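> Position 170, counted from 1, in the sequence shown is what the numbering used here calls 183; the numbers after and before it change by one each time, with no gaps.
Here a beta-carbon is modelled for each residue, glycine too, at the ideal position from N, C-alpha and C.
As the structure is a prediction and not an experimental result, all values here were calculated from the model.
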Amino acid sequence: MKIGLMGGGQLGLMMIEAAHKIGLSVTVFADSRSCPAFKLCDDFIEASFTDKNALSKFREQCDVFTVETENIPLSALDYISEKKIVCPNGEAIRVTQNRIDEKKFANSLGIPTVPFIEITASNIRDIDSYFFPGILKTARFGYDGKGQVHIEEKSQLLRNVKDLANSQYIFEKKIPLDTELSIIIVRDKDGNIASYPLAENRHENGILAESLMPANVSVDVHKLAFTYGEKIVKQLNYVGVLTVEFFLNNGKLLFNEMAPRPHNSGHQTINASVTSQFEQQVRICASLPIGDTTLKYDVRLENILGDLWFSNNSREPREPNWEELTGGVKILKLYGKNEPRVGRKMGHLITLIKER
Ligand code: ADP
Ligand code: MG
14 MKIGLMGGGQ LGLMMIEAAH KIGLSVTVFA DSRSCPAFKL CDDFIEASFT
64 DKNALSKFRE QCDVFTVETE NIPLSALDYI SEKKIVCPNG EAIRVTQNRI
114 DEKKFANSLG IPTVPFIEIT ASNIRDIDSY FFPGILKTAR FGYDGKGQVH
164 IEEKSQLLRN VKDLANSQYI FEKKIPLDTE LSIIIVRDKD GNIASYPLAE
214 NRHENGILAE SLMPANVSVD VHKLAFTYGE KIVKQLNYVG VLTVEFFLNN
264 GKLLFNEMAP RPHNSGHQTI NASVTSQFEQ QVRICASLPI GDTTLKYDVR
314 LENILGDLWF SNNSREPREP NWEELTGGVK ILKLYGKNEP RVGRKMGHLI
364 TLIKER
């Protein structure tokens, strides 16, 4: 069985490791071979997602297809879906590509979100003061806080909405957060559903800094997050791993965004769960039963950003002292990215806190 993986980032790398563990091979399709997945995959097709010849070869070569990023052009997903199965389906991926669509979708299922409004040429001068201060976000392609600007007052909005003709923008009320949470749900093609315990996430500058599993919140919040996640995967007829990010605001659980794939806040599952989030994704692709999601340890993840290579104000990147950082206790995972950059995710550290 050969899995066709679209995208070559670190999530792809960890999916390939999981696939190999259970004897499956992976062909990666990505626009550049300078990516973490290149070194480990069984086959690599370096081409643009608009290259029909390359896509056709890819489609012939593999039995089943998946993504490690939501930002795969729909035309490519549609092309592959004409002949082969893509997990999750293209429509589910489409919803997750756009912050406005995914929030409207959540609301349509009765799942609350932060107050938001789409910015248009006709309303931009007249946004209700209720939304201020707020956060302006591009509706598509943002990640790790990129494409976001904090806005105090209306004039700033006009200055920061740069290209209404070609981009869509969402404006969200900025709300106080008790904490941030995420749930990783798995659904197979027969409709069986499982989930990992909620993760509790702390962000710095819009980038995940630390994640604890399980989250230190009430059983009711855990249950509600699962109920929301379940509603979403059922409605989308979702097959694969889905992550839903939530805000907890004055005790109220609000949908923030979702990702059609394993998630940064689930890397702990590699070391602390019976089955990792990455293995689940490849198991579902291969029509294997959902693996056991039991968490064996309370666990903490810390992201390693490229900033670490430039500590002490050095201009040239310097390899961090890993022994010092792990203290002989933390488990280090590096993604093999060629170039450390400030704000770029380079790897992570795992601490197994206590056996459960
Ligand atoms: P990204 O795709 O970059 O993860 P998010 O919408 O999740 O985009 O925003 C990144 C982080 O910014 C969130 O995890 C949260 O810490 C903060 N944030 C985003 N939107 C809001 C909001 N409306 N109110 C308060 N904080 C927010
Ligand atoms: Mg987010």
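Which class does Gly341 belong to by DSSP, given the choice of helix, strand or coil?
Residue state, collapsed to three classes: coil.
> Just checking, does the stretch 165–180 make contact with the stretch 228–245 on the three C-beta pairs under 8 Å criterion?
No, they do not touch.
> Can you find the residues in the same chain that come closer than 6 Å, C-beta to C-beta, to Thr307, ignoring five residues on each side of it along the sequence?
Result list for Thr307: Val287, in chain order.
> Can you find a heavy atom of ligand 2 that lies under 7 Å from the Cβ of Glu315?
The answer is no for Glu315.
> Sorted by chain position, which residues of the same chain lie with C-beta nearer than 8 Å to Lys34's C-beta, five sequence neighbours on each side aside?
Here the set comprises Glu292.
> Can you tell me which residues form a DSSP beta bridge with Lys236?
According to DSSP, which records beta bridges pairwise, Lys236 is partnered with nothing at all.
> With DSSP collapsed to three states, give me the class of His452.
With the chain running from 14 to 369 in the structure shown, residue 452 is simply not present.
> Verify whether the separation of the beta carbon atoms of Ile206 and Ile196 is less than 8 Å.
Taking 8 Å as the Cβ cut-off, Ile206 and Ile196 do not qualify as a contacting pair.
> Using a Cβ-Cβ distance under 8 Å, would Gly158 count as near chain C?
Absence of chain C from the displayed structure is noted, only one protein chain being present.
> Flag this pair as touching only if the stretch 260–270 and the stretch 119–128 have three or more C-beta atom pairs under 8 Å; answer yes or no.
Taking 8 Å as the limit for Cβ pairs, the verdict is that the stretch 119–128 does touch the stretch 260–270.
> Who does Asp114 pair with in a DSSP beta bridge?
According to DSSP, Asp114 bridges with nothing at all.
> Measure from the alpha carbon of Gly204 to the alpha carbon of each residue in Lys15, Ile245, Leu177, then state which is nearest.
Of the listed residues, the one whose Cα sits closest to Gly204 is Ile245.
> Can you tell me the Cβ-Cβ gap for Glu104 and Leu318, rounded? I've got them flagged as a contact below 8 Å.
That belief does not hold up - the Cβ atoms of Glu104 and Leu318 are roughly 34 Å apart, past 8 Å.
> Between Glu213 and Leu194, which are expected to be in contact by the criterion C-beta below 8 Å, what is the C-beta distance as a whole number of angstroms?
Contact holds; Cβ gap of about 6 Å.
> For Val295, report the span of its beta strand (DSSP E) as first-last.
Element bounds for Val295: not the beta strand (DSSP E) but the alpha helix (DSSP H), 290–298.
> So, for Ile85: in the same chain, excluding its five sequence neighbours on each side, which residues have a beta-carbon less than 8 Å away from its beta-carbon?
Here the set comprises Met19, Gly20, Phe62, Ile106.
> Going by the C-beta, is Glu270 closer than 7 Å to any heavy atom of ligand 1?
It does: the Cβ of Glu270 is within 7 Å (strictly closer) of some heavy atom of ligand 1.
> Pull up the DSSP beta-bridge partners for Glu243, would you.
Answer by DSSP bridge pairing: none, since Glu243 is not bridged.
> Under the assumption that Leu26 contacts Tyr348 (Cβ atoms under 8 Å), give the Cβ distance between them as a whole number of angstroms.
So it is a contact: roughly 6 Å between Cβ atoms.
> Considering only DSSP beta bridges, list what Ala212 is partnered with.
DSSP output for Ala212 lists Ser195 as bridge partner(s).
> I need the DSSP call for Ile93, collapsed to helix, strand or coil.
Helix at Ile93.
> Suppose you measure from the CA of Glu337 to the CA of Gly158; what does that come to, to the nearest Å?
So the two alpha carbons sit approximately 29 Å from each other.
> Under 7 Å: does the beta carbon of Met148 sit that close to some heavy atom of ligand 1?
At residue 148 the sequence reads Ile, which differs from the Met that was named. Yes, since a heavy atom of ligand 1 falls inside the 7 Å radius drawn around the Cβ of Ile148.
> Should Gln74 be labelled buried (16 or more other beta-carbon atoms within 10 Å of its own) or exposed?
Under this definition Gln74 is an exposed residue.
> Whose C-alpha, out of Phe42, Pro49, Asp55, is nearest the C-alpha of Asn66?
Looking at the Cα atoms, Phe42 is the closest of the given residues.
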